[in-house]
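Residue numbers (the numbering used here): 6 to 729.
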């Protein structure tokens, strides 16, 4: 049975001979045999012999027509790293050039770095430093990474994603910089499938769905262009352009357009013999179909940074749809596909000095000693659609192009984003919608206010999905918080009107029972439902009262510590007139504790005189109507009266001062007070306040609720009665 590796070597030597008929094929065979011996017994995760990997890497490079030294180095590129072979031994057998290439792509595993990130950064740093001397180092590394991506399937998902992310972040942009489009596109598509499998599958399905229509359309267009060229006596070939899933995805994201509206989903490529033919075909195409304004680019006269040359135009083709056309010579086409490899082969050069960005790499090499600083600098050069900004401490944050200080704030921490009220960029205050540039030093000014939060206006200019999601999440919580507050206030207000001065623990027990009966998860969910209007507050209170209400109103007891009884004073007492009775024992009902000015009704008790209730007291319904009696406040006796107020608040400095000031501002006099503080720093304050006007009660409670840190304030029901 034929060895697959031997077959691959035959293909490598055949491709090598086609480009280098007088080359040293024997050196390549010797490198293969040495690599085979060194890797003997080593097995890859796929289960294949390890030698299959360097052979596959070499086959990729042989297709680009690279030279003897590059192919030898590719066959041996893992030997120094993974076997006992040394760079010196390689130098002795294959010369300085091969040894230098291998050293440039060897990971620095034998040097102990502080972290995995630093080791990776140092590896890339050494690779690119070598690249600044010889571009073939990077070509070997790119082929190495591409084959690793082709055989990544046995690894755990987490490792696959880490490798794919690194490839997409560093290696694919480097391939693009070198113009090696074949490697770039395959690498991007494979990484895309690993990192975003669902999106990748969707785009593949859409491409497959449109394939029959697209192929038929291309057949018509290619036929027409060929006929135009034949009539004009221009030699050349016309083909459809391959589509790449990741490229389509990026265009959909960048443009915000759906799949169907991406302009270059349908395109053709025309390859001619010379530059004159390029412009001649361009004229024929524009004369046949109207060009789309702003879509013509002349990369022949002005090549891209990676020496890419071609004419690009978009026209309204047959059927009225957009058609992208690329026109180039054969040499330009090879350079477009193979990039610096083709340029290096054509020019017989030994360096990449003709690429302007190589000088930038040499600058980075000289500027940064620390590997991580170098990698950050390298990325600054590679990314054209991202910006790299710095915290005041020098930490690098990666953001999409067009990102703002608000995006930066959320990138640092969610709370920094929520509390952001301003920003300084390079020491100067700037608007929050300012677009950041690479290298900016950004400092966020935050609010210390408890209620600080984001602005809805930020959603109009933030660029990162993280910032957008966090802002929306905050407002979602705010809406729930508002509903919670409204619902709690509605229920507690209704309870206060019913005069049930229940202890918080007992009240919550009853509310929990009500919540369960109404299908709510807990008390908080019950309050939110009331605040959102899905449950009536009256329903909640009615059910709670059915659980708490006794047979007789006299059985209603306060669970809170009993405040001292109201002390009647002869000169300022409060009286009630009982219709038809001049001398009767009158007392204020404990369940609702009416105050002067409230609508009231009397109930004749057995042996304890007349009990006075508010007319809306829920206990009235349970009392016998035949024992009801009309009562009213005695005007001549209405003067100053006392009321007990309870306040629940966050314990903080100057809380007592603020509370007493509000009581004084309303015109109340404090007759007695008590306070307790729980382990969770909740302070419970109780005051007996003497007032002169019943309307002062509501004003006082509203004023107390407005104090910073106060959760609630309400009237307590006195236990003792008032003699009438």
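For glycine and all other residues, C-beta sits at the position ideal for the given N, C-alpha and C. Note that this is a predicted model, so its numbers are computed, not measured.
Check whether residue i and residue j have beta carbons under 8 Å apart
i           : j           : result
residue 233 : residue 319 : no
residue 413 : residue 406 : no
residue 495 : residue 535 : yes
residue 594 : residue 618 : yes
residue 313 : residue 340 : yes
residue 41  : residue 56  : yes
residue 546 : residue 531 : no
residue 208 : residue 166 : no
residue 701 : residue 675 : no
residue 159 : residue 51  : yes
residue 673 : residue 634 : no
residue 157 : residue 145 : no
residue 501 : residue 719 : yes
residue 37  : residue 30  : no
residue 667 : residue 626 : no
residue 342 : residue 186 : yes
With 16 other Cβ atoms within 10 Å as the buried cut-off, status of residue i
i           : result
residue 552 : exposed
residue 14  : buried
residue 19  : exposed
residue 190 : buried
residue 583 : buried
residue 244 : exposed
residue 44  : buried
residue 338 : buried
residue 286 : buried
residue 176 : buried
residue 624 : buried
residue 516 : buried
residue 659 : exposed
residue 91  : exposed
residue 192 : buried
residue 542 : buried
residue 636 : buried
residue 404 : buried
residue 418 : exposed
residue 141 : buried
residue 238 : exposed
Reduced DSSP secondary structure (H/G/I, E/B, other) of residue i
i           : result
residue 692 : strand
residue 40  : helix
residue 329 : strand
residue 563 : Per-residue confidence for residue 563 stands at a pLDDT of 39, beneath the threshold of 50, marking its modelled position as unreliable; no derived number is given.
residue 304 : coil
residue 718 : strand
residue 280 : helix
residue 479 : helix
residue 317 : strand
residue 683 : coil
residue 263 : coil
residue 323 : helix
residue 541 : coil
residue 343 : helix
residue 140 : coil
residue 665 : helix
residue 697 : coil
residue 616 : strand
residue 713 : coil
residue 165 : helix
residue 98  : helix
residue 532 : helix
residue 636 : strand
residue 17  : helix
residue 35  : helix
residue 598 : coil
(message) Could you check whether the stretch 191 to 209 touches the stretch 233 to 250, counting it as contact only if at least three pairs of C-beta atoms, one from each stretch, sit closer than 8 Å?
(response) yes
(message) Taking contact to mean 3 or more Cβ pairs, one atom from each stretch, closer than 8 Å, check whether the stretch 474 to 494 and the stretch 443 to 455 are in contact.
(response) No, they do not touch.
(request) List in chain order: all unbroken alpha helix (DSSP H) runs of 4+ residues lying wholly within the stretch 167 to 242. (result) Runs of the alpha helix (DSSP H) inside the stretch 167 to 242: 177 to 182, 186 to 200, 202 to 236.
(message) So within the stretch 402 to 474, which uninterrupted alpha helix (DSSP H) runs reach at least 4 residues, ignoring any that extend past its ends?
(response) 410 to 417, 419 to 423
(request) May I ask you to verify whether the stretch 69 to 78 touches the stretch 89 to 107, counting CB pairs closer than 8 Å and requiring at least 3? (result) yes
(message) Whether or not the stretch 430 to 445 and the stretch 469 to 476 are in contact is what I'm after, with contact meaning three or more pairs of Cβ atoms, one per stretch, closer than 8 Å; do they touch?
(response) No: the two stretches stay apart, fewer than three of their Cβ pairs being nearer than 8 Å.
(message) Could you check whether the stretch 686 to 694 touches the stretch 644 to 660, counting it as contact only if at least three pairs of C-beta atoms, one from each stretch, sit closer than 8 Å?
(response) yes
(request) For the stretch 220 to 228 and the stretch 318 to 332, state whether three or more C-beta atom pairs, one from each stretch, are separated by less than 8 Å. (result) yes
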